[in-house]
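Reviewing the structure listed below.
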Amino acid sequence: MGVIEFFYSNSEPYLCGTTLISPEYALTSADCVITLVNLPAYIGHTVRFGIVDLNDKTALNNSVLTVTSPSNYISNSSMTINDIAILKLKTPVNLSNNIKPISIPKNDVGLIERTNVITGWGYYSINCGGNNVNNTIVGNMSQNLLKASVTVIDYITCR
Numbered sequence: 001m002g003v004i005e006f007f008y009s010n011s012e013p014y015l016c017g018t019t020l021i022s023p024e025y026a027l028t029s030a031d032c033v034i035t036l037v038n039l040p041a042y043i044g045h046t047v048r049f050g051i052v053d054l055n056d057k058t059a060l061n062n063s064v065l066t067v068t069s070p071s072n073y074i075s076n077s078s079m080t081i082n083d084i085a086i087l088k089l090k091t092p093v094n095l096s097n098n099i100k101p102i103s104i105p106k107n108d109v110g111l112i113e114r115t116n117v118i119t120g121w122g123y124y125s126i127n128c129g130g131n132n133v134n135n136t137i138v139g140n141m142s143q144n145l146l147k148a149s150v151t152v153i154d155y156i157t158c159r
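Written out as structure tokens, the structure reads:
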């Protein structure tokens, strides 16, 4: 699990999660990278892998060379579709015991009904009741990497 920090001249950094899929590529949300780099006060970003605490600045900083997302990506107030982006990193990540790409199965055979672990920093407490300003979420974001166990369901059930 990695984190992308987006820096702005007028506010605190905004964070998005990313997952390493090879030493040179990572996966994230298209909404995150496309929307955030186009905000007026954007001044740059950094990508870090191998950390479990967002305050840990010992990880080597990397940056994104290119972003590829589906041409049919849609994000508006009523829906988000094809919200995925592949990031080509500027420098290949040095793999270690703490930094490894995820395994991507060719299909879901054998995964259905199995328990898997998901991770992320994300919000663990959200208060949108009247505090939702300009579609931003007001709440508490974890400084430490969180994990949860989930059961994989089949595609038809998911839809």
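Residue numbering for the sequence shown follows UniProt numbering, beginning at 1 and increasing consecutively. Don't be surprised by glycine CBs; every beta carbon is placed ideally from N, CA and C. Predicted model only: the values in this text are computed from it and were never measured.
Item	Value
Beta-carbon proximity list for Ser75, same chain, < 6 Å, skipping 5 on both sides	Asp31
Three-pair Cβ contact test at 8 Å for the stretch 64-74 versus the stretch 84-97	yes
Contained alpha helix (DSSP H) runs [length at least 4] in the UniProt domain "Peptidase S1" (1-159), N- to C-terminal order	30-36, 155-158
Backbone CA spacing between Arg48 and Gly110 [nearest angstrom]	32 Å
Nearest-angstrom Cα separation, counted from Thr151 out to Thr115	4 Å
Between the CA atoms of Thr35 and Tyr73 - distance to the nearest angstrom	12 Å
Nearest-angstrom Cβ-Cβ length linking Ile86 and Leu27, presumed shorter than 8 Å	6 Å
Beta-carbon gap between Gln143 and Leu54 smaller than 8 Å	yes
C-alpha gap between Thr80 and Val52, whole angstroms	28 Å
Beta carbon of Asn98 nearer than 8 Å to that of Gly50	yes
Selection from Pro105, Ser9, Leu20, Pro13 that minimises the alpha carbon distance to Ser96	Leu20
CA-to-CA distance, Pro40 to Tyr8, given in whole angstroms	8 Å
Buried/exposed call for Val33, threshold 16 Cβ in 10 Å	buried
Tyr25 beta carbon near the ligand MG (any heavy atom closer than 7 Å)	Summarising the ligand content, the structure contains no ligands, and the ligand MG is consequently not present.
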